[in-house]
Amino acid sequence: MLAVEVNHVFKSYADKVAVDDLSFSVAQGEIFGLIGPNGAGKTTTIRMMMDIIKPDSGEVTILGKKLDEGTKNSLGYLPEERGLYKKLRVMDSIVYLASLKGMNPAIAEEKAGRLLAQMDMLVNRRKKIDELSKGMGQIIQFIVTIIHDPQLIILDEPFSGLDPVNTELIKKMLLDLKNQGKAVILSLHQMNQVEELSDRILMVNKGKAVLYGDLAEIKTKYRSNSVLLEFEGELGEIPGVSEKREHKTHTELVLDNKTTPKQLLERLVSRGIVINRFEIATPPLNEIFLRVVGNDHE
Amino acid sequence: MNKTLLIFKHEFRFTIKRTAFIIMTFIVPLIALLAIGAYHVISGAVKPTAEITNIGYVDNIGGFQYYTSQGKISLVPYDSSDVANQALASKDIKGYLVISSDYLTTGLVYFFTLEKQLEPPPATLSAIKNFLSSNLMTGKVSQTTIDLVEAPLNVITTRLTVTGAVSPEQGGYGNLLVPGIFSLLLVLSMMFSSSYLIQGLGDEKENRLIEVLLSSVSVRQLLIGKVLGLGAAGLVQVVVWVISAPLLLGLASSSIGGFLKTLVVPPNFYLLCIVYFILGYLLFAMISTAIGAISPSAREGQQLATIFTIPSIAPLWFSSAIMLFPNSPVWVVLTIFPITAPVTLMLRLGSTDVAAWQIALSILVLVLSVVGGLLLTARIVRTYLLMYGKRPGLGEIIRNLRNG
Numbered sequence: 001m002l003a004v005e006v007n008h009v010f011k012s013y014a015d016k017v018a019v020d021d022l023s024f025s026v027a028q029g030e031i032f033g034l035i036g037p038n039g040a041g042k043t044t045t046i047r048m049m050m051d052i053i054k055p056d057s058g059e060v061t062i063l064g065k066k067l068d069e070g071t072k073n074s075l076g077y078l079p080e081e082r083g084l085y086k087k088l089r090v091m092d093s094i095v096y097l098a099s100l101k102g103m104n105p106a107i108a109e110e111k112a113g114r115l116l117a118q119m120d121m122l123v124n125r126r127k128k129i130d131e132l133s134k135g136m137g138q139i140i141q142f143i144v145t146i147i148h149d150p151q152l153i154i155l156d157e158p159f160s161g162l163d164p165v166n167t168e169l170i171k172k173m174l175l176d177l178k179n180q181g182k183a184v185i186l187s188l189h190q191m192n193q194v195e196e197l198s199d200r201i202l203m204v205n206k207g208k209a210v211l212y213g214d215l216a217e218i219k220t221k222y223r224s225n226s227v228l229l230e231f232e233g234e235l236g237e238i239p240g241v242s243e244k245r246e247h248k249t250h251t252e253l254v255l256d257n258k259t260t261p262k263q264l265l266e267r268l269v270s271r272g273i274v275i276n277r278f279e280i281a282t283p284p285l286n287e288i289f290l291r292v293v294g295n296d297h298e
Numbered sequence: 299m300n301k302t303l304l305i306f307k308h309e310f311r312f313t314i315k316r317t318a319f320i321i322m323t324f325i326v327p328l329i330a331l332l333a334i335g336a337y338h339v340i341s342g343a344v345k346p347t348a349e350i351t352n353i354g355y356v357d358n359i360g361g362f363q364y365y366t367s368q369g370k371i372s373l374v375p376y377d378s379s380d381v382a383n384q385a386l387a388s389k390d391i392k393g394y395l396v397i398s399s400d401y402l403t404t405g406l407v408y409f410f411t412l413e414k415q416l417e418p419p420p421a422t423l424s425a426i427k428n429f430l431s432s433n434l435m436t437g438k439v440s441q442t443t444i445d446l447v448e449a450p451l452n453v454i455t456t457r458l459t460v461t462g463a464v465s466p467e468q469g470g471y472g473n474l475l476v477p478g479i480f481s482l483l484l485v486l487s488m489m490f491s492s493s494y495l496i497q498g499l500g501d502e503k504e505n506r507l508i509e510v511l512l513s514s515v516s517v518r519q520l521l522i523g524k525v526l527g528l529g530a531a532g533l534v535q536v537v538v539w540v541i542s543a544p545l546l547l548g549l550a551s552s553s554i555g556g557f558l559k560t561l562v563v564p565p566n567f568y569l570l571c572i573v574y575f576i577l578g579y580l581l582f583a584m585i586s587t588a589i590g591a592i593s594p595s596a597r598e599g600q601q602l603a604t605i606f607t608i609p610s611i612a613p614l615w616f617s618s619a620i621m622l623f624p625n626s627p628v629w630v631v632l633t634i635f636p637i638t639a640p641v642t643l644m645l646r647l648g649s650t651d652v653a654a655w656q657i658a659l660s661i662l663v664l665v666l667s668v669v670g671g672l673l674l675t676a677r678i679v680r681t682y683l684l685m686y687g688k689r690p691g692l693g694e695i696i697r698n699l700r701n702g
């Protein structure tokens, strides 16, 4: 069963089209990156998946059916900009929001204690939310998002405002959740983080899908025919290399259309060059995005 | 547990723990208590009530020696005007009267005092009058007759129906007081609850918590839970005030306390008050929620809400006109118009028999407004709660509601 299935969804507001005929699916046990520049329609898409707003047309199914109260209990959602009840204590906030997901308050409290301890925040459980730092507040929200053991977790810009230590901690937890068979959707505008975590991606621009599929396949498809090389010795002129670009730590060799990386490697080895790194260059997502949409992005 | 119930419990607990709520709940009785205390202190300083005032008299006829103690005024006999003058100068008496020798035919009595006054104070005058009349009748009629002449009137009014039976609903101040109190409480709790609703929604909207809530519950569950939770908190506030009111009135004056005990209001009267209280609150809560949803901030929401609070409390400003002319067509229209209905009807109930069709129509319109309000508000919330920034214009709201 697919965790999410979005079919030809369309949503417009008074003055603009926010989502334009979007279709994609997310499987269980994968991290799915929803990427695109600010204003591309990512948040609107997520809100339609959450049934917070209705699409003008098209269909969204979550865990095999239309979203209802029961399905909502299997969802964990971390909105882009976040806050909690400022005057409520940490533990009370977590238990209340967990109980709205159908969790027994006693069990929620016990699990919240464990998660707070894991995040090294147990000492703060009796503090009011407005006594916490912004980063701490975000950790609490992350706990609220996953405490009820959801099957589908949707995180809108989960790393914004987090320090590197907490960013790594949450990345590790996301990978753990994926390994437990949960579907995780990450909506990010920083594409390097998507590359690090996602199995598949959907890239949107102006409400439309511009790239969709397996991340490795996309990168292979968009790779430039070049190789990154770290070596010892003199390279000299190598047949099949049309251009040589020197970088700080490595050299990039751009191959002509007739030469494959394998042929290049054989030629280098036959010349007795000591090779420390030989990597087929794949462009970063950022570059792919710019190549796909050109200057046509907001 | 039902999610609406969870939201209800959360909102109720969260509200009654708010410092502003606690202060508001106890400050009303506290201010009343302070006012009563201040009144007692001031009145105690100005007027030592226990003191007996002496008034002298010179009896030129003879026989005026009984009934010299008249409440807080004591009449002291003097042999002559000279002696009475000395007593007046030495302030033993506040004044003295001379019963002239031809009093029995002319009724002439001379009053002498050091104070500048047009005539003696009413209490003194009444004491003198009773002293004279009682002495005149002594030995001629019975003591009971003398008492009756002093206080000849003790009116008990009973309202009858056309068949001559005693009407279950009696008029009088009691009927004015109860609806007056109810309408005032309704207005107060409406204003506070509305302000809490707008504040709460505004905060949730500003910090985006609303999105987390809506990913767990439906808009309708959120609305009903919030409105009822805050309503219950408002009701607690009203109950505290209602309970404290008789105690405070009892403290304020034993006569008012006694008056309260004599209030007999038929149960259906209270029932109507409660029905209008609940319907009025619900309608207002719906309006407040819709305003909270379309306003970018809590502050702007509060300002917008006054457009509705003012008409709802306006009938209170005209309460004396409503009591004098309770059946004027203006008040009939306001009884049926849902926003002004609760307060107008409560005030009219105190002074007249409101026609049954008016009550029925008014309740029907209110119920329809509450149900329609709930459906419309759910739509507005769904459309606007997640739109941040500029407040939409009326035309845009109507257009979106039609399309949405």
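Order-wise, the sequence lines are chains A and B.
Its first residue numbered 1, the first sequence is counted upward by one per residue in this note's numbering.
Its first residue numbered 299, the second sequence is counted upward by one per residue in this note's numbering.
For glycine and all other residues, C-beta sits at the position ideal for the given N, C-alpha and C.
query                                                                                                                              : result
Entirely enclosed alpha helix (DSSP H) segments - the segment 95-163 of chain A, minimum 4 residues                                : 105-118, 134-146
Residues near Asn-433 (chain B) by beta carbon distance below 8 Å, same chain, minus five either side                              : Gly-361, Phe-362, Gln-363, Tyr-364, Tyr-365
Contact belief for Asn-124 (chain A) with Glu-59 (chain A) at Cβ below 8 Å, rounded distance in angstroms                          : The pair is not a contact, with the Cβ atoms about 43 Å apart (cut-off 8 Å).
Run of the alpha helix (DSSP H) containing Glu-448 (chain B), from where it starts to where it stops                               : 441-448
Which of helix, strand or coil DSSP assigns to Arg-518 (chain B)                                                                   : helix
Per-residue contacts from Glu-509 (chain B) into chain A (C-beta, under 8 Å)                                                       : Arg-47, Met-50, Ile-52, Tyr-77, Pro-79
Within-8 Å CB hit, Arg-506 (chain B) to chain D                                                                                    : The question asks about chain D, but that chain is absent: this structure's protein chains are A and B.
Partners in chain B for Val-254 (chain A), counting only beta-carbon separations shorter than 7 Å                                  : Ordered by position in chain B, no residue passes the 7 Å Cβ test against Val-254 (chain A), which lies about 47 Å from the chain.
Runs of beta strand (DSSP E) wholly within the segment 374-427 of chain B (minimum 3 residues, chain order)                        : 393-397, 407-411
Proximity test, Cβ basis, 8 Å: Asn-602 (chain B) and chain A                                                                       : The identity of residue 602 (chain B) in the sequence shown is Leu, whereas the question assumes Asn. Output row for Leu-602 (chain B): interface = no.
Below-8 Å beta-carbon distance, Gly-207 (chain A) vs any chain B residue                                                           : no
Under 7 Å from the C-beta of Gly-83 (chain A): neighbouring residues of chain B                                                    : Asn-505, Arg-506, Leu-507
Buried/exposed call for Ala-318 (chain B), threshold 16 Cβ in 10 Å                                                                 : exposed
CB contact check: Val-485 (chain B) to chain A, cutoff 8 Å                                                                         : no
Limits of the unbroken alpha helix (DSSP H) element including Glu-195 (chain A)                                                    : 191-197
Interface residues of chain A facing Val-679 (chain B) [CB-CB closer than 7 Å]                                                     : The contacting residues do not exist; Val-679 (chain B) stays about 11 Å from chain A at best.
Ala-463 (chain B), DSSP secondary structure in three states                                                                        : coil
Candidates B:Ser-513, B:Val-515, B:Gly-532, of which the one nearest Tyr-494 (chain B) by Cα                                       : B:Gly-532
C-beta atoms of Val-241 (chain A) and Leu-255 (chain A) nearer than 8 Å                                                            : yes
Buried versus exposed call for Asp-51 (chain A) [16 or more other C-beta atoms within 10 Å across all chains shown]                : buried
For Ser-25 (chain A), the nearest candidate out of A:Ala-209, A:Glu-287, A:Asp-176 (CA to CA)                                      : A:Ala-209
Coarse secondary structure for Asn-452 (chain B), derived from DSSP in three states                                                : coil
Any 3 or more C-beta pairs closer than 8 Å across the segment 97-110 of chain A and the segment 503-516 of chain B                 : yes
Three CB pairs or more closer than 8 Å across the segment 310-327 of chain B and the segment 229-247 of chain A                    : no
CA-to-CA distance, Val-407 (chain B) to Asn-452 (chain B), given in whole angstroms                                                : 29 Å
Residues of its chain near Ile-444 (chain B), where Cβ-Cβ distance is below 6 Å and the 5 sequence neighbours each way are ignored : Ser-432, Met-435
Chain B contact for Glu-298 (chain A) (CB, 8 Å cutoff)                                                                             : Legend: pLDDT at Glu-298 (chain A) = 47, less than 50; position of this residue unreliable, value from coordinates given subsequently. Taking Cβ atoms only, chain B never reaches closer than 8 Å to Glu-298 (chain A), which makes this a no.
Residues within the segment 272-297 of chain A neighbouring chain B, beta-carbon criterion of under 7 Å                            : none
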